[in-house]
Amino acid sequence: MAAARRAAASWFRLAVRHRSSQSQAPPHGLVAKTSLSSPPWPEVKLPDPVEEAKYHAEVVQKVNKMIATGQYGRLFAVVHFASKQWKVTSEDLIMMDNVLEAECGDRIRMEKVLLVGADDFTLIGRPLLGKDLVHVEATVIEKTESWPKINMRFQKRRNYQRKRIIVNPQTVLRINTIDIFPSLS
Amino acid sequence: MNQNILFLFQHFRGRKNRCYKLAVRSVRRAFVKSTKARKEKKRFLRALWITRIEAASLEHGLKYPAFISNLLKSQVELNRKMIADLAIYEPKTFKSLAALAQRRRQEGFLAALGDGKEPEGIFSRIVHHY
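Quick look at the structure:
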């Protein structure tokens with residue numbers, strides 16, 4: 299009697315354990331949701347690359363047509379010149395704090411163009427735009443010197459003071475034209 | 003000697019604009035402060051550009067570090083002065099820059115996730131505590 303009960307109890311325990319491991323086992327590959335199971339940024343889905351390529355080609359064609367037919371108003375460009383970046387339009391004046399080896403009245407072409415934009419489109423260079431795409435012309439107008447800047451060093455109670463007057467050469471340029479050509483791909 | 007400095011202290015406040023002895027001291031301080039300020043102007047302007055870019059990029063839903071880092075990763079080398087000027091005077095161009103940075107950010111997230119498969123030889127198991 300007792301042996302039968304013990305046998306029954308052990309059979310019942312075995313049955314319970316077998317059933318519990320079967321019913322509560324998760325499907326293979328599923329990970330519990332913890333603080334590190336998913337990345338902290340929201341899930342992102344990029345658009346289909348084939349469709350995207352089509353859309354890009356369309357946009358490039360449209361912009362090319364617009365440039366070819368001349369449907370832009372005033373163009374602005376971001377030019378890297380004299381180790382500074384300038385946002386430039388036509389009929390603009392630019393003053394550099396150094397000497398340019400060109401006489402007054404010389405036409406200069408600025409080649410490092412970072413960005414060109416009009417009202418409806420912008421062409422962003424990575425980092426520069428091609429020379430066959432943009433053409434920025436400027437003329438040297440004036441070569442002067444800056445106002446006398448005063449550099450003074452002074453330390454109190456030590457009878458130390460030094461005064462130095464700095465006069466920098468400056469060049470003034472006028473941007474004549476910004477041209478773009480429909481050579482996008 | 004007096005005539006050299008006369009034009010310099012006429013806009014000062016108090017007896018400094020009339021009495022030579024006081025004027026000399028304040029003119030000297032003015033020169034020293036202007037030399038130091040020429041260095042600090044560069045720091046100040048850069049901080050100003052950064053706050054402006056941050057405000058403009060927040061309008062488009064991006065924070066400043068994300069915006070700048072993703073722009074640099076997409077090989078666009080505009081400096082902060084230019085981006086601040088574009089944000090003020092060319093809002094459409096700034097919007098396109100923000101969209102470029104956002105797209106590069108999402109591509110970076112996808113690249114960081116990788117395949118989505120676990121490395122070989124490792125199994126994950128959910129532990130039940132009874």
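Chains as they are written, first to last, in our numbering: chain A, 299 to 483; chain B, 3 to 132.
Here a beta-carbon is modelled for each residue, glycine too, at the ideal position from N, C-alpha and C.
Distance, residue j Cα to residue i Cα
i                : j                   : result
asparagine 396/A : lysine 343/A        : 51 angstroms
glutamate 92/B   : asparagine 81/B     : 15 angstroms
glutamate 61/B   : leucine 427/A       : 28 angstroms
lysine 360/A     : threonine 332/A     : 49 angstroms
glutamine 5/B    : lysine 38/B         : 26 angstroms
leucine 412/A    : proline 347/A       : 27 angstroms
lysine 410/A     : arginine 460/A      : 41 angstroms
arginine 472/A   : histidine 378/A     : 15 angstroms
leucine 47/B     : alanine 330/A       : 50 angstroms
alanine 57/B     : asparagine 19/B     : 43 angstroms
proline 467/A    : phenylalanine 111/B : 50 angstroms
glutamine 77/B   : arginine 424/A      : 5 angstroms
leucine 50/B     : lysine 44/B         : 10 angstroms
glutamine 320/A  : leucine 115/B       : Residue placement at glutamine 320/A cannot be trusted, given a pLDDT of 48 that sits under 50; what the coordinates show is reported in the next sentence. Those two C-alpha atoms are separated by around 33 angstroms.
glutamate 341/A  : threonine 95/B      : 27 angstroms
Residue-level contact to chain B via CB, residue i, 8 angstroms cutoff
i                : result
glycine 428/A    : no
threonine 367/A  : no
glutamine 320/A  : For glutamine 320/A, the predicted model reports a pLDDT of 48, less than 50, meaning its position is unreliable and no value from the coordinates is stated.
glutamine 459/A  : yes
asparagine 362/A : no
glycine 415/A    : yes
proline 425/A    : yes
lysine 445/A     : Note that residue 445/A is tryptophan in the sequence shown, not lysine. So no, tryptophan 445/A is outside the interface.
lysine 352/A     : no
threonine 332/A  : no
lysine 410/A     : no
asparagine 474/A : no
valine 465/A     : no
isoleucine 478/A : no
arginine 451/A   : yes
threonine 387/A  : no
threonine 437/A  : no
isoleucine 448/A : yes
valine 342/A     : yes
Host alpha helix (DSSP H) of residue i (start-end)
i               : result
threonine 387/A : Counting along the chain, threonine 387/A falls outside any alpha helix (DSSP H), and DSSP gives it neither H nor E.
arginine 106/B  : 93-115
arginine 31/B   : 22-61
tyrosine 66/B   : 66-75
valine 357/A    : 347-367
isoleucine 7/B  : 4-8
Chain A within 8 angstroms of residue i, Cβ atoms only
i               : result
asparagine 81/B : yes
arginine 20/B   : no
leucine 112/B   : yes
glutamine 77/B  : yes
serine 98/B     : yes
valine 26/B     : no
Where the beta strand (DSSP E) through residue i begins and ends
i               : result
lysine 441/A    : 432-443
histidine 378/A : 374-379
lysine 447/A    : 447-453
proline 121/B   : No beta strand (DSSP E) contains proline 121/B, which DSSP labels as neither H nor E.
glycine 403/A   : Per DSSP, glycine 403/A belongs to no beta strand (DSSP E) and is neither H nor E.
arginine 460/A  : 458-464
proline 340/A   : That residue, proline 340/A, is in no beta strand (DSSP E); it is neither H nor E in DSSP.
threonine 475/A : 467-478
Anticipated Cβ contact below 8 angstroms, residue i with residue j, distance rounded
i               : j                : result
aspartate 87/B  : lysine 385/A     : 5 angstroms
glutamine 436/A : methionine 408/A : Just to set this straight, residue 436/A is alanine in the shown sequence, not glutamine. Sure, about 6 angstroms apart at Cβ, within 8 angstroms.
lysine 65/B     : serine 71/B      : Rounded, the Cβ-Cβ distance is 10 angstroms, inconsistent with contact.
lysine 85/B     : isoleucine 124/B : For the sequence presented, residue 85/B should be read as isoleucine rather than lysine. The pair is not a contact, with the Cβ atoms about 45 angstroms apart (cut-off 8 angstroms).
valine 434/A    : alanine 375/A    : 6 angstroms
tyrosine 458/A  : alanine 416/A    : Contact doesn't hold; Cβ gap of about 57 angstroms is too wide.
For the region 388-404 of chain A against the region 437-446 of chain A, do three or more pairs of beta-carbon atoms, one drawn from each stretch, fall closer than 8 angstroms, so that the two count as touching?
Judged by pairs of C-beta atoms under 8 angstroms, the region 388-404 of chain A touches the region 437-446 of chain A, as three or more such pairs exist.
Contact the region 95-107 of chain B vs the region 413-433 of chain A: 3+ CB pairs below 8 angstroms:
The region 95-107 of chain B and the region 413-433 of chain A touch, with no fewer than 3 CB-CB distances between them shorter than 8 angstroms.
Okay, do the region 473-481 of chain A and the region 359-377 of chain A touch, 3+ Cβ pairs below 8 angstroms being the bar?
Touching, per the Cβ criterion.
Can we say the region 22-34 of chain B touches the region 450-459 of chain A, given the rule of at least three CB pairs closer than 8 angstroms?
In short, these stretches touch, since the Cβ pair count reaches three.
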